[in-house]
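For the sequence shown, the working numbering assigns the number 250 to the initial residue and increments by one for each residue that follows.
Note that CB positions come from ideal geometry on N, CA and C, so glycine has one too.
Computed from a predicted model, the values in this text were never measured in an experiment.
Step one of this worksheet: look at the structure below.
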Amino acid sequence: MDVKERMAISRQKPRELVPAERIKHFDEVTAGYDHQNAILEAERCLQCKKPKCREGCPIHNDIPRFIRLLREGKIEEAYWADRETNSMPAICSRVCPHEFQCEGACVRGKKGEPVAIGMLERYLVDWMVANGKNLAKSCALPRDRKVAIIGSGPAGMTVAYHLAHAGFPCTIFESLPVLGGMLSVGIPSYRLPRSIIAAEFESLKNCGVKIVTDTVIGRDKSLQQLKDDGFEAVFIAVGAHASRKLGIEGEELDGVYHGVDYLRKINLGEDMNLGQNVVVVGGGNVAIDCARTALRTGSDKVFILYRRTKAEMPASQAEIHHLEEEGVKIEMLAAPVKIHGENGRLNKIECIRMQLGECDTSGRCRPVKIEGSNFMIDADAIVPAISQDVDLEAINGVELERTRWNTLVVDDLTMQASADWIFSGGDTVLGPQTVAKAVFQAKEAAESMIRFLEGRDLKEGRAVAESA
Ligand SMILES: Cc1cc2nc3c(=O)[nH]c(=O)nc-3n(C[C@H](O)[C@H](O)[C@H](O)COP(=O)(O)OP(=O)(O)OC[C@H]3O[C@@H](n4cnc5c(N)ncnc54)[C@H](O)[C@@H]3O)c2cc1C
250 MDVKERMAIS RQKPRELVPA ERIKHFDEVT AGYDHQNAIL EAERCLQCKK PKCREGCPIH
310 NDIPRFIRLL REGKIEEAYW ADRETNSMPA ICSRVCPHEF QCEGACVRGK KGEPVAIGML
370 ERYLVDWMVA NGKNLAKSCA LPRDRKVAII GSGPAGMTVA YHLAHAGFPC TIFESLPVLG
430 GMLSVGIPSY RLPRSIIAAE FESLKNCGVK IVTDTVIGRD KSLQQLKDDG FEAVFIAVGA
490 HASRKLGIEG EELDGVYHGV DYLRKINLGE DMNLGQNVVV VGGGNVAIDC ARTALRTGSD
550 KVFILYRRTK AEMPASQAEI HHLEEEGVKI EMLAAPVKIH GENGRLNKIE CIRMQLGECD
610 TSGRCRPVKI EGSNFMIDAD AIVPAISQDV DLEAINGVEL ERTRWNTLVV DDLTMQASAD
670 WIFSGGDTVL GPQTVAKAVF QAKEAAESMI RFLEGRDLKE GRAVAESA
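This is how it looks when you write it as structure tokens:
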């Protein structure tokens, strides 16, 4: 096939449940590609000499290689080419914001639609599962130096994956009764089925990784106790789970549910209906997940209040598209200023209109209040989903350097914290970010931890750990 023929193929659409059906439950919305779609989509790739997609991928997966192998019909080989760098392709292919990462960098996106890299990656995993193949390689023989991992999200899972495959016995300590961090208690199952997460943990357990749930490090056990128990290196991956508050009057009223707290409750099985009229505040993935979850739990009229315009929303276009298809409206250029209530329960939200003011060097413009433009909205619930902060309860007892945002300070190259036996990565270091960034940092940290345990130089021969 020549370039002209490749350019003539349009981006293949994955199979999806229709909106009226999918809002009745939490089943996965997107079903992925069949074989024909996958091959056609793979044929769209131009196999660039300097592949921008690879630079755009936070993990730097060798995307052109796995696409080439896929279209040659070598699907198992293509899967392993991807898995060389990606510790969790089944998850990343579903939840990565591809349009800001690999697909955002794809040259085909300049004059049309980029190659659907995420869907192709997912096809590889789907094919492996359908053909009864193992998704992980066998593990190395156990060595005698053990490691503790605090937190079972993507960062903790990735460190466990690499260390277990290098033969180091690992124990993951998790404060919650469920595993997976924000994959399980943040991202709803209609985007990431829980069976996918369970399969990752099954393969970690098969590799000898021990898992201890319902244990809060810093409260039930200290870092020092872990050291005394013989864990020679510790990876801190506690994420960013503290909901940021709006800081307005009335935020303590009943009917106010902060974004990640709300999703955690739902994901842990609590039966919650927020009432008929629900206002979600924010423009990111968390806000969208809250709105779509409220719809699925019985609320009729859900809308999003965002202080900038739709073009500035940090959520991915695919998510915004799904949200609007499901009937959620976005009220742009508006922000809440006060929550009104009666007998301790909210009934109205006072908002103000905004306009875009000065823009910074990246082109992002500051929202500015239009004085006197206040208006009221009747509501049964408000869900502020404006961001999350890191809570470093886990590090009680050991002095570790932190930033002014309360994230942990680590060396950029090695991910080593200010105590030499402690390493960190993911949201604990970056603040709320993405799965792929957590996977990348954790992979770098795992390499450092192996060197540390073997008494080798942590930096020799390594370039600065840089994620896209
Ligand atoms: C609603 C929502 C939707 C998102 N959607 C996307 C998306 O579509 N794509 C994407 O790439 N990213 C998304 N993200 C972000 C992504 O989930 C995170 O960036 C990623 O999970 C960070 O991984 P982590 O391992 O650093 O932390 P986490 O996943 O947060 O895991 C941290 C774990 O540590 C545990 N823990 C905390 N304190 C302790 C303690 N003291 N002792 C023991 N365990 C502890 C927590 O319970 C948790 O299980 C989303 C986040 C949210 C909240």
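Selection from A536, N383, E642 that minimises the alpha carbon distance to L453 = For L453, the nearest C-alpha among the options comes from N383.
Contact check, G680 vs T656 under 8 Å by CB: the rounded distance?
-> Under the criterion of beta carbons closer than 8 Å, G680 and T656 qualify as touching, at roughly 5 Å.
Quick one: Cα of A377 to Cα of E321, how far?
-> The residue you asked about is not Ala; residue 377 is Met in the sequence shown. The alpha-carbon of M377 is positioned some 16 Å away from that of E321.
From G590 to D503, what distance separates their C-alpha atoms?
-> So the alpha carbons of these two residues sit roughly 9 Å apart.
Would you list the one or two residues that DSSP bridges to E591?
-> Looking at the DSSP output, E591 sits in a beta bridge with R594.
Where R317 and V364 are concerned, what is the direct C-alpha to C-alpha distance, given to the nearest angstrom?
-> The straight-line gap from Cα to Cα measures roughly 13 Å.
Assumed close pair A712, I399 - CB separation to whole angstroms, cut-off 8 Å = That pair is no contact at about 27 Å.
Quickly, what does DSSP pair L605 with across the bridge? List them, please.
-> Paired residues: P616.
Given a threshold of 16 other Cβ atoms within 10 Å of its Cβ, counted over all protein chains shown, does G429 qualify as buried or as exposed?
-> Buried is the call here.
With A564 and V551 assumed to form a contact (beta carbons below 8 Å), what rounded beta-carbon distance in angstroms separates them?
-> That belief does not hold up - the Cβ atoms of A564 and V551 are roughly 15 Å apart, past 8 Å.
Is any heavy atom of ligand 1 found at a distance shorter than 6 Å from the C-beta of V659?
-> The answer is no for V659.
Inter-stretch contact at 8 Å, needing at least 3 Cβ pairs: the stretch 520 to 539 / the stretch 666 to 678 = Because the criterion of three Cβ pairs below 8 Å is not met, the stretch 520 to 539 and the stretch 666 to 678 do not touch.
Cα separation between K273 and A385?
-> Going by C-alpha positions, K273 is about 34 Å away from A385.
Within its chain, find whatever has a CB closer than 8 Å to the CB of Q525; leave out the 5 residues flanking it on each side and keep chain order.
-> Shown here for Q525: same chain residues with a beta carbon closer than 8 Å to its own, the five before and five after excluded, namely S548, D549, K550, D629 in chain order.
What separation, rounded to the nearest whole angstrom, lies between the Cα atoms of N645 and C419?
-> So the two alpha carbons sit approximately 21 Å from each other.
Who are M625's beta bridge partners in DSSP?
-> Within the DSSP bridge table, the entry for M625 names E599 as partners.
Rank A269, L369, D251, K587 by C-alpha distance to the C-alpha of R314 and give the top, closest one.
-> Comparing Cα positions, the closest option is L369.
Check the DSSP bridge columns for I399 and list the partner residues they point to.
-> DSSP lists F422, I485 as the beta-bridge partner residues of I399.
Entirely within the stretch 663 to 711 and at least 4 residues each: give me those alpha helix (DSSP H) ranges in chain order.
-> Listed in chain order, they are 676 to 679, 684 to 702.
Three-state secondary structure (DSSP) of R651 = The answer is strand: DSSP assigns R651 an E or B state.
In chain order, which continuous runs of the beta strand (DSSP E) of length 3 or greater are located wholly inside the stretch 251 to 317?
-> For the stretch 251 to 317, whole beta strand (DSSP E) runs of length 3 or above, ordered along the chain, are 279 to 281.
With respect to 6 Å, is the separation between the Cβ of L453 and the closest non-hydrogen atom of ligand 3 below this value?
-> This structure does not include ligand 3; its bound ligands are ligand 1.
Distance, Cα to Cα, R557 vs I579?
-> For the pair R557 and I579, the Cα-to-Cα distance works out to about 11 Å.
DSSP beta-bridge partners of I460 = I460 is bridged to I421.
Reduced DSSP secondary structure (H/G/I, E/B, other) of N380 = Here N380 sits in coil by DSSP.
Report yes if the C-beta distance between G508 and V632 is below 7 Å; otherwise report no.
-> Less than 7 Å divides the Cβ of G508 from the Cβ of V632.
How many Å lie between H490 and Q637 at the Cα?
-> Near 6 Å, if we compare the C-alpha coordinates of Q637 and H490.
Along the beta strand (DSSP E) that carries A630, what are the first and last residues, could you check?
-> Looking at the DSSP string, the run of the beta strand (DSSP E) that includes A630 is 630 to 633.
Look at the alpha carbon of Q690 and the alpha carbon of R371, and state the distance between them as a whole number of angstroms.
-> In this structure, the straight-line span from the alpha carbon of Q690 to that of R371 is close to 22 Å.
DSSP bridge partner residues for K323 (one or two, in chain order) | Its beta-bridge partners do not exist; DSSP assigns none.
Can you tell me which of the three DSSP states L572 falls into?
-> Helix at L572.
Count the CB pairs spanning the stretch 461 to 472 and the stretch 596 to 604 that are closer than 8 Å, and state whether there are at least three.
-> No: fewer than three Cβ pairs fall under 8 Å.
Quick one: Cα of M337 to Cα of E277, how far?
-> For the pair M337 and E277, the Cα-to-Cα distance works out to about 18 Å.
For I497, does the three-state DSSP call read helix, strand or coil?
-> The DSSP-derived three-state label of I497 is coil.
Cβ separation of I699 and A486, assumed to be a contact under 8 Å, to the nearest whole Å = About 17 Å separates the beta carbon of I699 from that of A486, a gap too long to meet the 8 Å contact definition.
What three-state label does DSSP hand N455 in the structure shown?
-> Reduced to three states, the DSSP call for N455 is helix.
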